[in-house]
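Student: Quick one: the structure is below, and I'll ask about it shortly.
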Amino acid sequence: MAGSRPGSGSSLPARLPSLWVPLRYFIAAQGAFVATLLWAPFQVSDLLDFYYQGHDLALTHLLTLGWITMAIMGASFQLVPVALETTLYSERLARWQFWIMLLGVTAMVGHFWIGRHAGMAFGAGLVLVAAILHVINMGRTLWKLPRWDIVAQHVAAALTYLAATAVMGNLMALDKIYDFLGGQVLRTIHAHAHLAGIGWVSMMIFGTSYKLIPMFSLGELRDERLARWQFWLLNLGIVGLFGTLLLQSGWALLFALLIAGAVGLFLWKMREVLRARRRPRLDWGLRHALSAIATLAILTVLGLWLATGWVWSEEFGARLAFGYGVLALLGWVSVMIIGMMYKIIPFLVWHHRYSDFVGLRPVPPATQFLGETVPRVEFWLLHTGIQMTVVGLIAASGLLVQAGTIVLALAGLAFALALSRVYRHLIPRLTPLPEVQAART
Amino acid sequence: MAGNQTSGHAGVLRPTRGTKISELLKAYPDMVEVLVRYNKHFELLRRPTLRKLMTPLVTIEKAARTAQVDPNEMLAEIYRAIGEPLPPELGGPSPAPRSTDMSMPEELRNLSEERRVILDVREQVRGGEEPYHRIMKTVASLRADQVLQLCNIFEPVPLYDILAQRGFAHWTERRGPQEWWITFYRAATPAERSSAPSAASSPQAPAPSPLVVDARGLEPPQPMAKILETLPRIEAGGQILALTDRRPMLLYPKLEERGFAYSTQETGNGWFETRIWK
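Protein sequences, first through last, are from chains A and B. To get our numbering, take the position in the first sequence, counting from 1, and add 1293. To get our numbering, take the position in the second sequence, counting from 1, and add 39.
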């Protein structure tokens, strides 16, 4: 066989974890999100009050741990074979992690609500254990890879910040009992929030976006160089910002600028990917992702403003900071997670229910599970609710916050309805397969 | 800004993404024609003054971005045009010796006209079309004693492997900057050679053509669904050649469950080829 190239086939045995490994995280996360949105209209007076108090912290942690962190953990497990082309290190560890995390978040949120510090610290301890299990499981998974591409680098960095955030959260929880941090709660809460929001959550979203946005928009990430710059700028920025926020140093602005630079590069790369996409029509999953990316741009400007410290009163600065936090958690992170869920959950459900039948029987395509109307209604309700709530919080308008949170609650219900239409495919009784047909006529 | 990473040896320029257009045109003045095909603005390079002014500032990578094409794709095209083997990161050259520099095999000497089937796909490739189906159709129509003489603007390395699996050896000649002639012929085994020296007298049952499933440009899980739907159509001894944008990681367990073997290869052109057989 002169001249023929030797076969260089690769058949790495990467496997999708079993359905319930990611799914139980997703269902818990979605439950927490809908619960937060339904709860918020009853908390308007607390929301308009100073944000560092029990009820707001309960609501915030239900959102950040129950919704955001649970969703990212579940998505991490599902995306390992697709994004990293390998198999998850341990499904058993992932199952243990889930129950510990669920108990931890419930204990934390409940004890924040009733103002019991010891119970809250216990919950935080469990969340730390769950976070460590997650880091071990994902770390061992990453360890097996022959090389770390831009996605793996982001995941590895995000895991480090997750561990750091959880450790810091535990120190803050213990401080409430033993009071050893010197009473500088605002500094620590700002540093803790940015470490979580940028280091853990945004780092993870940036990394997975480099894989998922090209995959679902049929675009292409052609050159990783700017993405690598973005990665290092973001790392430098978050480490610096964390330190300077903790020390209340004026240098925070410099690191905020570095982060803004990283965000700019990320936006640029996403623009490139989307301009090169082969499918012009954007579905609701991608529309959510794009609107989240647009919100990130606004958020970055707000963040820079806060970093300058140029606000006309301390009270306005506190309201602006809270509006900024809500916009980050809902407008950027939540909308992005919803967008990704609208893509990966139909895929997960389709794969579990129908992939064994493909070629043997007619099966419905995954793209039809979600439908058009409900995600569209949810999209507009969510964005309207976010804008009203954020503006209401910054302008201290109780009426606007009340109306905004009600619209958000409706968005939460629409989100639950949209997903229930996907999940019903897991129940064969509700979605029977057509009669057995010969695959070939 | 990346530095100039041009590598070279024995006076031959081996362009990289960082190579300046000025260096490229100095070594290979004809490359203007290749660049012009990507973007009409590169017509300006035909003017000597502009060429002098612009090209030292622009790398191949930058030029590719201006033309909105993948720098690797442009670089691969440049390599093909200058007739140099592709560097490994662009999908070549294969570590195994190729027949490019070999003398004509015994089987191909004194071939009569009627045993040659000539297929020139140069225009089709220049027009941006994928000639794969046409080539495979022609291969399928070959009589046992016929050979295919394929003319292309570059060396179609992935095709060697695909046709080798169907019992074809090849002999490659480069006759010009964009003129590659590859003769695919059914190689006689050593036993056949000794017992039946005439190629015509050693008929070999042609393997069935691979069923090509182009699952590129689809979002997950459609590629997997499309490939799995085709599995029942594999005939005895046949195979599927599936083209996908990504390595089809989630397809493999499904193939194993259904008793199929598979092998995936990254083509270097931005997609993956997976062969599936029973």
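Think of the CB as a built atom: it goes at the ideal place given N, C-alpha and C, for glycine as much as any other residue. As the structure is a prediction and not an experimental result, all values here were calculated from the model.
Consult DSSP for residue 67 of chain B and reduce its assignment to one of helix, strand or coil.
Tutor: coil
Student: Taking 9 Å as the CB-CB cut-off, is residue 1515 of chain A touching chain B?
Tutor: yes
Student: Going by the CB atoms, is the gap between residue 1393 of chain A and residue 1423 of chain A shorter than 9 Å?
Tutor: yes
Student: For residue 135 of chain B, which residues in the same chain have their Cβ closer than 8 Å to its Cβ, ignoring the five residues on either side in sequence?
Tutor: Caution applies to residue 135 of chain B, whose pLDDT of 40 falls short of 50 and renders its modelled position unreliable; the model cannot decide the point.
Student: Determine the extent of the beta strand (DSSP E) in which residue 1382 of chain A is found, giving its start and end residues.
Tutor: Following the DSSP letters along the chain, one finds residue 1382 of chain A in no beta strand (DSSP E), marked with neither H nor E.
Student: Does the Cβ of residue 1584 of chain A have 16 or more other Cβ atoms within 10 Å, making it buried, or fewer, making it exposed?
Tutor: Around the beta-carbon of residue 1584 of chain A, 16 or more other beta-carbon atoms lie within 10 Å, marking it buried.
Student: For residue 1347 of chain A, which residues in the same chain have their Cβ closer than 7 Å to its Cβ, ignoring the five residues on either side in sequence?
Tutor: Cβ within range, chain order: 1405, 1406, 1408.
Student: Thinking just about the alpha-carbon of each residue, which of A/1439, A/1443, A/1448 is nearest to the one in residue 1430 of chain A?
Tutor: A/1448
Student: Cα separation between residue 189 of chain B and residue 155 of chain B?
Tutor: 10 Å
Student: Going along chain A, which residues have a C-beta under 9 Å from residue 109 of chain B?
Tutor: Those within 9 Å of residue 109 of chain B in chain A are 1513, 1515, 1516.
Student: Between the segment 264–277 of chain B and chain A, which residues of the former have a C-beta closer than 8 Å to a C-beta of the latter?
Tutor: Taking a C-beta cut-off of 8 Å against chain A, the contacting residues of the segment 264–277 of chain B are 264, 267, 268, 269, 270, 271, 272, listed in chain order.
Student: DSSP three-state call for residue 317 of chain B: helix, strand or coil?
Tutor: coil
Student: Would the segment 1317–1327 of chain A count as touching the segment 1705–1720 of chain A if we require 3 or more Cβ pairs under 8 Å?
Tutor: The segment 1317–1327 of chain A is in contact with the segment 1705–1720 of chain A.
Student: Should residue 1722 of chain A be labelled buried (16 or more other beta-carbon atoms within 10 Å of its own) or exposed?
Tutor: exposed
Student: Determine which residues share a DSSP beta bridge with residue 224 of chain B and list them.
Tutor: B/208
Student: Applying the 10 Å Cβ sphere with the 16-neighbour rule, what's the burial state of residue 172 of chain B?
Tutor: Classification of residue 172 of chain B: exposed, given that the 10 Å Cβ count is below 16.
Student: Which partner residues does residue 300 of chain B have in the DSSP bridge list?
Tutor: Under DSSP, the beta-bridge partners assigned to residue 300 of chain B are B/316.
Student: Is residue 1673 of chain A buried or exposed, if buried means 16 or more other CB atoms sit within 10 Å of its CB?
Tutor: exposed
Student: Under three-state DSSP, which class holds residue 1733 of chain A?
Tutor: Confidence in residue 1733 of chain A is poor, its pLDDT being 41 and thus under 50, which makes the residue's placement too unreliable to answer from.
Student: Compare the C-alpha of residue 1521 of chain A against each of A/1700, A/1318, A/1337, A/1442 and name the closest.
Tutor: A/1442
Student: Rounded to whole angstroms, what is the Cα-Cα separation between residue 1602 of chain A and residue 309 of chain B?
Tutor: 48 Å
Student: Quick one, which of A/1682, A/1635, A/1473, A/1659 has its alpha-carbon nearest residue 1644 of chain A's?
Tutor: A/1659
Student: In whole angstroms, what is the alpha-carbon distance linking residue 67 of chain B and residue 280 of chain B?
Tutor: 37 Å
Student: Whole angstroms is fine: what's the gap from residue 83 of chain B's alpha carbon to residue 114 of chain B's?
Tutor: 20 Å
Student: Measure the alpha-carbon distance for residue 1493 of chain A versus residue 1535 of chain A and round it to whole angstroms.
Tutor: 13 Å
Student: If you measure from the beta carbon of residue 230 of chain B to each beta carbon in chain A, is any gap under 9 Å?
Tutor: With a pLDDT of only 42 at residue 230 of chain B, under the threshold of 50, the placement of this residue in the model should not be trusted, and no figure is reported.
Student: Put residue 269 of chain B into one of helix, strand or coil per three-state DSSP.
Tutor: Note: residue 269 of chain B maps to helix in three-state DSSP.
Student: Cβ closer than 8 Å: which chain B residues qualify as neighbours of residue 1640 of chain A?
Tutor: 259, 260
Student: Please decide whether residue 293 of chain B counts as near chain A, where near means a Cβ-Cβ distance under 9 Å.
Tutor: yes
Student: Determine, for residue 1660 of chain A, whether the minimum Cβ-Cβ distance to residues of chain B falls below 9 Å.
Tutor: yes
Student: Report the three-state DSSP secondary structure of residue 1708 of chain A (helix, strand or coil).
Tutor: helix
Student: Under a Cβ-count criterion, where at least 16 other Cβ atoms within 10 Å of its own Cβ denotes burial, should residue 1368 of chain A be classed as buried or exposed?
Tutor: buried
Student: For chain B, check one thing: does any of its Cβ atoms lie closer than 9 Å to the Cβ of residue 1384 of chain A?
Tutor: It does not; no Cβ of chain B falls within 9 Å.
Student: Output the distance between the C-alpha atoms of residue 1652 of chain A and residue 254 of chain B, rounded to the nearest integer angstrom.
Tutor: 15 Å
Student: Name, please, each residue of chain A whose Cβ falls closer than 9 Å to the Cβ of residue 289 of chain B.
Tutor: 1307, 1308, 1309, 1374, 1375, 1644, 1648, listed in chain order.
Student: Could you pull the start and end residues of the alpha helix (DSSP H) that residue 1339 of chain A belongs to?
Tutor: 1337–1341
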